[in-house]
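Protein chains in written order, with the numbering used here: chain X, 1 to 404; chain S, 1 to 138.
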């Protein structure tokens with residue numbers, strides 16, 4: 001029997017892998033020591049566990065373990081990267097280049113830095129959601145100190161040419177940061193091949209626990225430093241103070257190890273399931289995939305079903321947990337800024353659903369989801385005046401809408 | 001956000017979905033909202049020219065569950081009412097009946113606007129001037 005509802009929102013968060021939980025449990029009770037306690041075995045055990053996990057986390061992105069700064073998650077990592085670089089390299093320049101479909105943890109941090117005197121360039125991606133090296137190159141100024149471009153987008157899954165953008169950054173002596181929260185553990189990410197100086201990621205997007213993440217900070221060629229945003233006992237090489245979250249770190253390490261070892265087979269399996277879901281849903285008339293199809297994470301698809309509204313559709317697909325680009329719940333009535341910035345019409349942005357598959361998604365679940373979505377779209381179109389007009393051949397753009 | 005039971009009921013079993021002949025003299029049609037706002041409601045009434053009673057009402061809505069429920073409820077309330085009584089339907093009555101949260105009040109406003117627009121369309125077909133909205137929302 002299929003258990004409902006079916007979770008297809010793995011870009012929001014993932015369930016913890018039982019193997020991760022198993023690795024964590026002893027560190028709650030038996031080995032509860034403070035990793036900074038240097039003078040007894042409780043501390044040493046915790047420190048050993050952290051060291052092991054730090055290596056697992058570093059290996060996952062081909063970094064050195066000394067380059068991993070543990071944080072509370074990708075939001076904190078992004079804050080530390082941007083604010084930390086801005087404060088540390090302020091004398092060199094104040095210009096940062098980023099993209100307008102980044103996660104809010106980047107965009108809002110940039111807005112914050114603007115108030116402190118930073119100059120920010122927000123690039124607009126192409127309709128496929130990707131920025132080009134040319135765009136980045138053209139935005140570079142003498143005072144540019146940092147380029148921050150996400151590895152893969154959280155709403156549509158498109159993958160940016162990070163390696164090439166990183167090369168541009170390096171050539172110009174500018175630091176390269178990437179928010180790789182959606183990419184690490186899903187596709188190969190290598191900080192050396194990809195020319196990355198700083199990289200944010202998080203455990204809970206890869207079957208690890210919530211509340212733990214990391215910032216990779218390059219130590220050699222170039223040696224990068226960030227000003228700490230949380231001061232205290234000087235943990236994490238002085239860049240992030242606070243007693244280490246040992247259980248979280250152990251879980252993060254295990255999650256990284258599992259993701260790396262299973263990535264190849266798992267990404268193939270997920271791509272096959274995603275492609276099945278996508279091709280079946282595209283058989284529904286007037287449905288469109290948003291963002292790049294060629295350069296995309298294997299486990300995500302974002303589809304607009306024209307003439308039905310996303311939030312209404314979500315209510316109709318209550319047996320599956322997905323997310324919608326429509327933000328009708330907020331008072332602003334604004335649809336997803338990511339989809340809008342791709343140049344999508346508001347009505348298409350309002351009509352979108354994001355499907356995020358994961359390690360525990362089965363083919364049976366996908367078959368159910370296909371049927372469920374199809375039924376809901378058909379039902380809502382039956383009650384959609386826009387669908388009726390479309391069927392009558394009326395151009396919706398020719399109507400003077402009484403916007404409220 | 002959790003929907004109220006009544007919203008869910010109207011969403012799952014919408015009353016009076018459909019289309020009336022908008023060219024008929026006895027039919028008034030109101031089309032309000034805009035696709036880019038994520039809500040479009042079309043509400044139609046069929047009026048008995050002699051008695052002024054609304055004999056049938058139909059809707060189609062593009063929007064969230066609350067928008068669908070608001071228009072579904074409106075058609076239910078309209079049937080059997082005189083035009084004058086229909087004009088008395090206030091958006092806050094819909095809010096109350098469906099227990100709409102504050103962020104969804106605009107759905108009820110849209111439904112009230114749709115009722116007024118349908119009535120005015122009917123009035124225009126009979127050479128009557130439009131009734132002005134005395135109420136200012138927000």
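Ideal Cβ positions, reconstructed from N, Cα and C, are used throughout, including at glycine.
Whose Cβ in chain X lies nearer than 9 Å to the Cβ of residue 11 of chain S?
Taking the second chain and counting its residues from 1, the one referred to as residue 11 of chain S is at position 11. Residues of chain X passing the Cβ test: 312, 315 and 316.
Do you know offhand how far residue 160 of chain X's Cα is from residue 291 of chain X's?
As a first step, residue 160 of chain X must be located in the first chain, where it is residue number 160. As a first step, residue 291 of chain X must be located in the first chain, where it is residue number 291. Approximately 11 Å, taken between the alpha carbons.
What residue range does the alpha helix (DSSP H) around residue 334 of chain X cover?
Counted from its first residue, the first chain places residue 334 of chain X at position 334. Unbroken run through residue 334 of chain X: none, as it is neither H nor E.
Can the beta-carbon of residue 218 of chain X be found less than 8 Å from the beta-carbon of residue 197 of chain X?
Along the first chain, read from residue 1 onward, the residue named residue 218 of chain X stands at position 218. Along the first chain, read from residue 1 onward, the residue named residue 197 of chain X stands at position 197. Closer than 8 Å, so yes.
Given that a residue counts as buried once 16 or more other Cβ atoms are within 10 Å of its Cβ, and exposed if not, what is residue 116 of chain S?
Within the second chain, residue 116 of chain S is the residue found at index 116, counting from 1. When all chains shown are included, residue 116 of chain S counts as buried.
Whole-angstrom distance between residue 92 of chain X and residue 123 of chain X, CA atom to CA atom
To locate residue 123 of chain X, count along the first chain from 1; it is residue 123. To locate residue 92 of chain X, count along the first chain from 1; it is residue 92. Roughly 22 Å between the two C-alpha positions.
Suppose only complete runs of 4+ residues qualify. What are the alpha helix (DSSP H) ranges in the segment 62-122 of chain S, listed by chain order?
65-78, 83-86 and 91-98
Buried or exposed: residue 331 of chain X, going by 16 or more other Cβ atoms within 10 Å of its Cβ?
Position 331 of the first chain, counting from 1, holds the residue named residue 331 of chain X. Bear in mind that a pLDDT of 47 at residue 331 of chain X, under 50, signals an unreliable position, so the model cannot answer this.
Going by C-alpha to C-alpha distance, which of X:260, X:210 and X:375 sits closest to residue 318 of chain X?
To locate residue 318 of chain X, count along the first chain from 1; it is residue 318. Residue X:375 is the option with its Cα nearest to residue 318 of chain X.
List, from N- to C-terminal side, the alpha helix (DSSP H) runs of 4 residues or more that fit wholly inside the segment 281-367 of chain X.
310-316, 337-341 and 346-350
Please identify, using Cβ separations under 8 Å, the residues of the segment 34-53 of chain S that lie next to chain X, in order along the chain.
34, 35, 36, 37, 38, 39, 40, 41 and 42
Any beta-carbon of chain X closer than 8 Å to the one on residue 19 of chain S?
The residue you call residue 19 of chain S lines up with position 19 of the second chain. Yes, residue 19 of chain S lies at the interface with chain X (some Cβ there is under 8 Å from its Cβ).
Here's the rule: buried if 16 or more other CB atoms are within 10 angstroms of the residue's CB, otherwise exposed. What is residue 51 of chain S?
Stepping through the second chain from its first residue, residue 51 of chain S is reached at position 51. Its Cβ having fewer than 16 others within 10 Å, residue 51 of chain S is exposed.
So that I know if they touch, is there some Cβ in chain S lying closer than 8 Å to that of residue 307 of chain X?
Taking the first chain and counting its residues from 1, the one referred to as residue 307 of chain X is at position 307. True, the Cβ-Cβ gap to chain S drops below 8 Å.
Start and end residues, beta strand (DSSP E) containing residue 133 of chain X
As a first step, residue 133 of chain X is located in the first chain; it is residue number 133 there, counting from the start. Premise fails: residue 133 of chain X lies in the alpha helix (DSSP H), 133-139, not in any beta strand (DSSP E).
If you scan the segment 25-63 of chain X from start to end, which runs of the alpha helix (DSSP H) of 4 or more residues do you find wholly inside it?
41-60
Based on Cα-Cα distance, which residue from X:23, X:303, X:342 and X:385 lies nearest to residue 285 of chain X?
Position 285 of the first chain, counted from the start, is the residue given in the question as residue 285 of chain X. It is X:303 whose Cα lies nearest to the Cα of residue 285 of chain X.
Looking at the strands, I want to know which residues DSSP matches up with residue 58 of chain S.
As a working mapping, residue 58 of chain S is identified with position 58 in the second chain. DSSP output for residue 58 of chain S lists S:44 as bridge partner(s).
What would DSSP say about residue 384 of chain X, mapped onto helix, strand or coil?
On the first chain, position 384 is the one that residue 384 of chain X refers to. Here residue 384 of chain X sits in coil by DSSP.
Please return the same chain residues whose Cβ sits closer than 6 Å to the Cβ of residue 55 of chain X, not counting the five positions on each side in sequence.
Position 55 of the first chain, counted from the first residue, corresponds to residue 55 of chain X. The residues are 65.
Alpha-carbon spacing of residue 65 of chain S relative to residue 105 of chain S, whole angstroms
Locating residue 65 of chain S in the second chain gives position 65, counting from the first residue. Locating residue 105 of chain S in the second chain gives position 105, counting from the first residue. The alpha-carbon atoms of residue 65 of chain S and residue 105 of chain S are separated by roughly 12 Å.
For residue 119 of chain X, the first and last residue of its enclosing beta strand (DSSP E):
Start at 1 with the first residue of the first chain, and residue 119 of chain X comes out as number 119. Note, residue 119 of chain X: beta strand (DSSP E), 119-123.
Indicate whether the contact test is met: 3 or more Cβ pairs, each with one atom in the segment 358-368 of chain X and one in the segment 165-182 of chain X, closer than 8 Å.
no
Near residue 329 of chain X, which residues of its chain fall below 6 Å by C-beta distance, leaving aside the five closest residues on each side in sequence?
Here residue 329 of chain X corresponds to residue number 329 of the first chain, with the count starting at 1. Only weak support is given to the placement of residue 329 of chain X: the predicted model assigns it a pLDDT of 46, under 50, and the value that follows is read from those uncertain coordinates. Counting only Cβ-Cβ distances below 6 Å, and skipping sequence neighbours, we find nothing.
If contacts are defined as beta-carbon pairs under 8 Å, then residue 338 of chain X and residue 155 of chain X qualify, I think. What distance do you get, rounded to the angstrom?
Stepping through the first chain from its first residue, residue 338 of chain X is reached at position 338. Stepping through the first chain from its first residue, residue 155 of chain X is reached at position 155. The pair is a contact, with the Cβ atoms about 4 Å apart (cut-off 8 Å).
Could you please give the first and the last residue of the uninterrupted alpha helix (DSSP H) stretch that includes residue 143 of chain S?
Beyond the ends of chain S as shown, which are 1 and 138, falls residue 143 of chain S; an answer cannot be given.
Does the CB of residue 63 of chain S have a neighbour CB from chain X at under 8 Å?
Sequence index remark: in the second chain, residue 63 of chain S carries index 63 (1-based). It does; some Cβ of chain X falls within 8 Å.
Nearest candidate by alpha-carbon position, reference residue 346 of chain X, set S:39, S:11 and S:13
In the first chain, residue 346 of chain X corresponds to position 346, counting from 1. Ranking the options by Cα distance to residue 346 of chain X, first place goes to S:39.
Nearest-angstrom beta carbon gap, residue 74 of chain X and residue 201 of chain X [assumed within contact, 8 Å]:
As a position in the first chain, residue 201 of chain X is number 201, starting the count at 1. As a position in the first chain, residue 74 of chain X is number 74, starting the count at 1. With a Cβ gap of about 6 Å, residue 201 of chain X and residue 74 of chain X count as contacting.
Per DSSP, residue 32 of chain S forms a beta bridge with which residues?
Residue mapping note: residue 32 of chain S aligns to position 32 of the second chain, counting from 1. BP columns for residue 32 of chain S point to S:41.
Near-chain S residues of the segment 136-156 of chain X (beta-carbon distance less than 7 Å), N- to C-terminal order
none
For residue 243 of chain X and residue 168 of chain X, I'd like the C-alpha separation in whole angstroms.
As a first step, residue 243 of chain X is located in the first chain; it is residue number 243 there, counting from the start. As a first step, residue 168 of chain X is located in the first chain; it is residue number 168 there, counting from the start. Their Cα atoms are separated by approximately 37 Å.
Limits of the beta strand (DSSP E) - the one that residue 215 of chain X falls within:
For the purposes of this step, residue 215 of chain X is taken as residue 215 along the first chain, with counting starting at 1. Where residue 215 of chain X is concerned, the enclosing beta strand (DSSP E) stretches over 213-217.
Just by C-beta distance, which residues in the segment 60-92 of chain S are closer than 8 Å to chain X?
60, 61, 62, 63, 64, 65, 67 and 68
Residues that residue 128 of chain S contacts on chain X, provided the C-beta gap is smaller than 9 Å:
Looking up residue 128 of chain S in the second chain gives position 128. Neighbours of residue 128 of chain S on chain X: none; closest Cβ ~20 Å, over 9 Å.
Using a beta-carbon distance cut-off of less than 7 Å, what residues from the segment 385-399 of chain X approach chain S?
385, 386, 388 and 396
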